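Visitor: Quick note, the sequence shown lines up with residues 5 to 311 if you use my numbering. All C-beta atoms in this analysis are idealised placements derived from N, C-alpha and C, irrespective of residue type, glycine included. In this text, all values refer to a predicted model and were calculated from it rather than measured experimentally.
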Amino acid sequence: MDQLMSLNVFVAAVEEGSFAGAGRRLHLSPAMAGKYVSHMEARLSARLFQRTTRRLSLTEVGRTYYERSRQILGALDEANREATAAQGSARGLLRVAVPVTFGALHLGAVVARYVAHHPEVNVEVLLGDRYIDLLDAGVDVAIRIGQLDDPALVTRRLASCPMVVCASAGFVERHGLPRTPEDLQQLPRLAFSEAVSAGDWTFTDDSGRSYRIDGPCRVVANNMQMLLACALAGAGVAYGPAFVFGEDIRQGRLLALLPDYATTALTMQAVYPGARGIPIKVRRFVDYLAEDFGSHPPWAPQETPRT
């Protein structure tokens, strides 16, 4: 007998409380429903039900088998929905939440390509550096950078984003080239105020020893593009994500400092509510994010010659 049908009959019999109920659900006679379960028990060499004239009750083996059967049928149902959705078209309004600077610098091209390929979707991008509850805000998908501790959200890792320390060539000419983290302590520093600790910069040398630079900073701002502008103008040493400073380092407008020291690497993720019934418009947008910001993100700075 068909094994998948046997699983369906078995689960239906448990949930309906009888073979007759399972038969009604699956359009089978009570006798045929009973035959499916009996065949399953024979194949397993295990009794799944204790039968009386009035009721069915699960054996211990039957209870375990029921839970696993539900999971199998649920996974199959989800796979069928995904396959069906993949043949459909994305449509409706897609609301995306993203950190301000990352969105302004990097998301525009992704959104433009997405809407060009999905003419039935309109996109609303919400730029903000504050944590928001996606369900309360009606957001379909968000890009989050750093640690994520919300088990209610589905996550897809997009890329790693190291922190970089940099300054303009003019600044280095005036103040000298810092060669150790301690050298930064004497220099004007530019910091992001929304960081966990704006003035706390950590570096690690080849031996694994950590160096922490802290204290007041010359300029503190709640917008990374403001700090980027200050760094380009020579106001001080900046420390922040490579997606902010990487392009200017690559183009030579900023110099990457302390190449012998490692910095913290942030994790960039796409997050969205619910593991089941995820709209195709969300799935496809996340695929675009993974394609553009995957293993070789555009902000990764090239190595600069060591002085």
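So, helix, strand or coil for asparagine 227, using DSSP?
Guide: For the purposes of this step, residue 227 is identified with residue 223 of the sequence shown, where counting begins at 1. It is coil, neither helix nor strand.
Visitor: Measuring straight from C-alpha to C-alpha, what distance separates glycine 66 and tyrosine 292?
Guide: As a working note, residue 66 is residue 62 in the sequence shown. As a working note, residue 292 is residue 288 in the sequence shown. Cα to Cα, the separation comes out at about 44 Å.
Visitor: Name the two residues that bound the continuous beta strand (DSSP E) containing serine 214.
Guide: Position 210 of the sequence shown holds residue 214. Taken as a continuous stretch (DSSP letters only), the beta strand (DSSP E) holding serine 214 covers 214-217.
Visitor: Distance check for asparagine 84 and leucine 236, CA to CA, integer angstroms please.
Guide: Residue 236 sits at position 232 when you count from the first residue of the sequence shown. Residue 84 sits at position 80 when you count from the first residue of the sequence shown. For leucine 236 and asparagine 84, the distance between alpha carbons rounds to 53 Å.
Visitor: Please return the same chain residues whose Cβ sits closer than 6 Å to the Cβ of alanine 269, not counting the five positions on each side in sequence.
Guide: Reading the sequence shown from its first residue, position 265 is the one you call residue 269. Here the set comprises Ser164, Pro166.
Visitor: With DSSP run on the structure shown, which of helix, strand or coil describes threonine 68?
Guide: The residue labelled residue 68 in the question sits at position 64 within the sequence shown. Threonine 68 carries a helical assignment under DSSP once its states are collapsed to helix, strand and coil.
Visitor: In terms of alpha-carbon separation, which member of Ser93, Asp264, Tyr276, Glu82 lies closest to threonine 208?
Guide: The residue given as residue 208 occupies position 204 in the sequence shown. The shortest Cα separation from threonine 208 among Ser93, Asp264, Tyr276, Glu82 belongs to Asp264.
Visitor: Mapping the DSSP letters down to three states, classify proline 34 as helix, strand or coil.
Guide: Sequence index remark: in the sequence shown, residue 34 carries index 30 (1-based). Three-state result, proline 34: helix.
Visitor: If I measure Cβ to Cβ from serine 197 and keep anything under 8 Å in the same chain, skipping five residues before and after, which residues do I get?
Guide: Reading the sequence shown from its first residue, position 193 is the one you call residue 197. Excluding positions up to five away in sequence, the list reads Val224, Ala225, Asn226.
Visitor: Would you mind sorting glycine 27 into buried or exposed? The rule is 16 or more other CB atoms within 10 Å of its CB.
Guide: In the sequence shown, residue 27 corresponds to position 23, counting from 1. Flag for glycine 27 reads buried.
Visitor: How many angstroms separate the CA atom of leucine 181 from the CA atom of aspartate 144?
Guide: The residue labelled residue 181 in the question sits at position 177 within the sequence shown. The residue labelled residue 144 in the question sits at position 140 within the sequence shown. Using only the alpha carbons, I get a separation of about 46 Å.
Visitor: Just checking isoleucine 282 against the ligand MN - is the residue's beta carbon closer than 7 Å to any of the ligand's heavy atoms?
Guide: Because no ligand of any kind appears in the structure shown, any question about the ligand MN cannot be addressed here.
Visitor: Going by C-alpha distance, which of His300, Pro301, Leu258, Phe289 is nearest alanine 116?
Guide: Reading the sequence shown from its first residue, position 112 is the one you call residue 116. Of the listed residues, the one whose Cα sits closest to alanine 116 is Phe289.
Visitor: Can you tell me where the alpha helix (DSSP H) holding phenylalanine 297 begins and where it ends?
Guide: Locating residue 297 in the sequence shown gives position 293, counting from the first residue. Careful: phenylalanine 297 lies outside any alpha helix (DSSP H) and carries neither H nor E.
Visitor: Per DSSP, what kind of secondary structure is leucine 236 in: helix, strand or coil?
Guide: On the sequence shown, position 232 is the one that residue 236 refers to. Note: leucine 236 maps to helix in three-state DSSP.
Visitor: Which stretch, first to last residue, makes up the beta strand (DSSP E) that contains alanine 149?
Guide: Mapped onto the sequence shown, residue 149 falls at position 145. The identity of residue 149 in the sequence shown is isoleucine, whereas the question assumes alanine. Element bounds for isoleucine 149: 145-149.
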